[in-house]
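**Student:**
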Amino acid sequence: MLKNCQVCNKVFAHPTRTMCDECYKEVQASFEAVKDYLLKNPGATVAEVAQETEIDVEVIYEFIREGRLSVIPRDAQLSCEICGDPITVGRVCRKCRSELDPSSAAPFQPSSRASSGDSRVRYLDQIKRQR
Ligand SMILES: [Zn+2]
Ligand SMILES: [Zn+2]
Numbered sequence: 020m021l022k023n024c025q026v027c028n029k030v031f032a033h034p035t036r037t038m039c040d041e042c043y044k045e046v047q048a049s050f051e052a053v054k055d056y057l058l059k060n061p062g063a064t065v066a067e068v069a070q071e072t073e074i075d076v077e078v079i080y081e082f083i084r085e086g087r088l089s090v091i092p093r094d095a096q097l098s099c100e101i102c103g104d105p106i107t108v109g110r111v112c113r114k115c116r117s118e119l120d121p122s123s124a125a126p127f128q129p130s131s132r133a134s135s136g137d138s139r140v141r142y143l144d145q146i147k148r149q150r
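Heads up: the sequence shown begins at 20 in the numbering used here, then just goes up one per residue.
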């Protein structure tokens with residue numbers, strides 16, 4: 020199964036990975052560096068880790084979100100994208116996750132309301148024009 024690498028957009032084949040071999044290795048190396056640094060310096064902050072490992076703060080936060088780090092930076096603060104409560108892993112807190120309809124894969128469809136309003140306006144426009 021061929022897909023495009025999430026990072027460099029190169030086409031590659033792998034059943035589960037979302038990035039090509041090269042990028043995967045790079046991310047793995049970054050992850051190891053972050054993990055190592057945190058194991059040696061458990062009280063480090065995100066900024067310190069980024070500076071010492073030369074890895075992007077965003078990438079470090081991604082590792083934290085994925086829940087892959089056993090030690091997370093002291094000031095790593097993730098917050099629920101819905102209610103803003105502090106969380107330690109993922110993007111949404113447990114409470115909000117359980118409130119989301121588990122059957123709907125896409126929890127947010129902000130465009131659906133706007134587009135239905137749009138079509139109503141267009142409909143009224145048509146009526147006006149017909150008169
Ligand atoms: Zn790649
Ligand atoms: Zn929440």
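We put the beta carbon where it would ideally sit given N, CA and C, even for glycine.
For clarity, every value in this text was computed on a predicted model and none was experimentally measured.
Mind checking which residues open and close the alpha helix (DSSP H) that includes K22?
**Tutor:** Where K22 is concerned, there is no enclosing alpha helix (DSSP H), although the beta strand (DSSP E) it sits in stretches over L21 to N23.
**Student:** Is C102 near ligand 1, with its Cβ less than 7 Å from a heavy atom?
**Tutor:** no
**Student:** For ligand 2, any of its heavy atoms closer than 7 Å to the Cβ of V15?
**Tutor:** Nothing can be reported for residue 15, as the shown portion of the chain is limited to 20 through 150.
**Student:** Using a Cβ-Cβ cutoff of less than 8 Å, which residues in the same chain neighbour R96 once the five nearest sequence positions on both sides are dropped?
**Tutor:** Before going on, a small fix: residue 96 reads as Gln here, not Arg. Cβ neighbours of Q96 beyond the five flanking positions: P105.
**Student:** Assuming V68 and I79 form a contact by the criterion Cβ under 8 Å, report the distance between their Cβ atoms to the nearest whole angstrom.
**Tutor:** 6 Å
**Student:** Taking only runs that begin and end inside the stretch 65-108, name each unbroken alpha helix (DSSP H) of 4 or more residues, in chain order.
**Tutor:** 65-72 and 76-85
**Student:** If I'm right that V30 touches M38 with Cβ under 8 Å, what's the distance once you round it to whole angstroms?
**Tutor:** With 8 Å as the limit, V30 and M38 do not qualify as a contact, their Cβ atoms being about 12 Å apart.
**Student:** Classify V26 as helix, strand or coil using the three-state DSSP reduction.
**Tutor:** coil
**Student:** For T107, count the other beta carbons within 10 Å of its own beta carbon; 16 or more makes it buried, fewer makes it exposed. Which is it?
**Tutor:** exposed
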